[in-house]
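Chemist: Can you read through this structure? Questions will come right after.
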Amino acid sequence: MSIKSDHWIRRMAAEQHMIEPFEPGQVRAVDGNRIISYGTSSYGYDVRCADEFKIFTNINTAIVDPKAFDAKSFVDVKSDVCIIPPNSFALARTVEYFRIPRRVLTICLGKSTYARCGIIVNVTPLEPEWEGHVTLEFSNTTPLPAKIYANEGIAQMLFLESDEECAVSYADRGGKYMGQTGVTLPKT
Numbered sequence: 326m327s328i329k330s331d332h333w334i335r336r337m338a339a340e341q342h343m344i345e346p347f348e349p350g351q352v353r354a355v356d357g358n359r360i361i362s363y364g365t366s367s368y369g370y371d372v373r374c375a376d377e378f379k380i381f382t383n384i385n386t387a388i389v390d391p392k393a394f395d396a397k398s399f400v401d402v403k404s405d406v407c408i409i410p411p412n413s414f415a416l417a418r419t420v421e422y423f424r425i426p427r428r429v430l431t432i433c434l435g436k437s438t439y440a441r442c443g444i445i446v447n448v449t450p451l452e453p454e455w456e457g458h459v460t461l462e463f464s465n466t467t468p469l470p471a472k473i474y475a476n477e478g479i480a481q482m483l484f485l486e487s488d489e490e491c492a493v494s495y496a497d498r499g500g501k502y503m504g505q506t507g508v509t510l511p512k513t
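Next up, the structure:
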């Protein structure tokens, strides 16, 4: 298995529409204003956060249960920024839509700008032949409110290509999160 470079990422985006919309370089400013960068990096791709957020709240005193998740535990927000309460979390999705090739496993890591502010980005690996918008989870580990910016860089995707195809891909087994287009809550 090998990690893939910017040349490979550009080729896969052009030939297989692996990432849409795709930015071939690093964007660091928009209309002269500095932003948290997104786009192709040396060995990865920095994704953006869309402007759709689900902010966790305990106003209904619900129990967090992955087998019976109560959607009323979230407040929906559509905005250029998301304020995450102290010691809480929010869900969002990537601007980019992914189509992962059969020989590729994709790992997502948070950007250092947010990590240095106590904001942790959590995403499970994108398996071979998975496709959709990636649901992102942001944990605010601080005792203060934390701000997330929509349409700016939030996390980096690393692409690992195997020497051989997997026997059963995410598409082959009909994975439950295949083709997701919005912020997707837990499913069983």
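Numbering-wise, the working numbering comes out as the position in the sequence shown, counting from 1, plus 325. Built from N, CA and C at the ideal position, the CB exists for glycine as well.
(1) From Val429 to Asp390, what distance separates their C-alpha atoms?
(2) Express the C-alpha separation of His458 and Gly364 in angstroms, rounding to a whole number.
(3) Between the Cα of Thr509 and those of Leu461, Arg441, Lys397, Ser398, spot the shortest distance and give me the residue it belongs to.
(4) Among residues of its own chain, excluding the 5 on either side of Glu452, which ones have a beta-carbon nearer than 6 Å to its beta-carbon?
(5) So, is Ala354 buried or exposed, given that buried needs 16 or more other C-beta atoms within 10 angstroms?
(6) I'd like to know if the stretch 466-479 and the stretch 368-388 are in contact, where contact means that at least 3 CB-CB pairs between them fall below 8 Å.
(7) Pick helix, strand or coil for Lys379, following the three-state DSSP scheme.
(8) Starting from Ser437, follow the alpha helix (DSSP H) in both directions and report where the run begins and ends.
(9) Going by DSSP, what residue range makes up the beta strand (DSSP E) through Glu340?
(10) For Ile425 and Thr513, I'd like the C-alpha separation in whole angstroms.
(11) Answer with buried or exposed for Ser362, where buried requires no fewer than 16 other C-beta atoms within 10 angstroms of its C-beta.
(12) By alpha-carbon positions, which one of Leu485, Asn358, Glu421 ends up nearest to Phe347?
(13) Give me the residue from Lys472, Lys403, Asn412, Glu490 with the minimum Cα distance to Gly507.
(14) Going along the chain, which residues of its own chain have a beta-carbon closer than 7 Å to the beta-carbon of Asp401, five neighbours each way excluded?
Modeler: Looking at the atomic coordinates:
(1) To locate residue 429, count along the sequence shown from 1; it is residue 104. To locate residue 390, count along the sequence shown from 1; it is residue 65. One C-alpha to the other measures close to 31 Å.
(2) As a position in the sequence shown, residue 364 is number 39, starting the count at 1. As a position in the sequence shown, residue 458 is number 133, starting the count at 1. Approximately 16 Å between the Cα atoms of the pair.
(3) Along the sequence shown, read from residue 1 onward, the residue named residue 509 stands at position 184. Minimum Cα distance to Thr509 is reached at Leu461.
(4) Position 127 of the sequence shown, counting from 1, holds the residue named residue 452. The answer, listed in chain order, is Tyr495.
(5) Your numbering for residue 354 matches position 29 in the sequence shown. By the neighbour-count rule (16 or more Cβ atoms within 10 Å), Ala354 is not buried but exposed.
(6) yes
(7) Here residue 379 corresponds to residue number 54 of the sequence shown, with the count starting at 1. Of the three classes helix, strand and coil, the one that applies to Lys379 here is strand, per DSSP.
(8) Here residue 437 refers to the residue found at position 112 when the sequence shown is read from its first residue. Looking at the DSSP string, the run of the alpha helix (DSSP H) that includes Ser437 is 437-440.
(9) As a working mapping, residue 340 is identified with position 15 in the sequence shown. It is not in any beta strand (DSSP E) - Glu340 instead sits in the alpha helix (DSSP H) that spans 331-341.
(10) Reading the sequence shown from its first residue, position 100 is the one you call residue 425. Reading the sequence shown from its first residue, position 188 is the one you call residue 513. Distance between the alpha carbons of Ile425 and Thr513 is about 23 Å.
(11) Within the sequence shown, numbered from 1, the residue matching residue 362 stands at position 37. Answer is buried; the Cβ neighbour count reaches 16.
(12) Taking the sequence shown and counting its residues from 1, one reaches residue 347 at position 22. Nearest of Leu485, Asn358, Glu421 to Phe347, Cα basis: Glu421.
(13) Position 182 of the sequence shown, counted from the first residue, corresponds to residue 507. That would be Lys403, whose Cα lies nearest to the Cα of Gly507.
(14) As a working mapping, residue 401 is identified with position 76 in the sequence shown. Cβ neighbours of Asp401 beyond the five flanking positions: Lys379.
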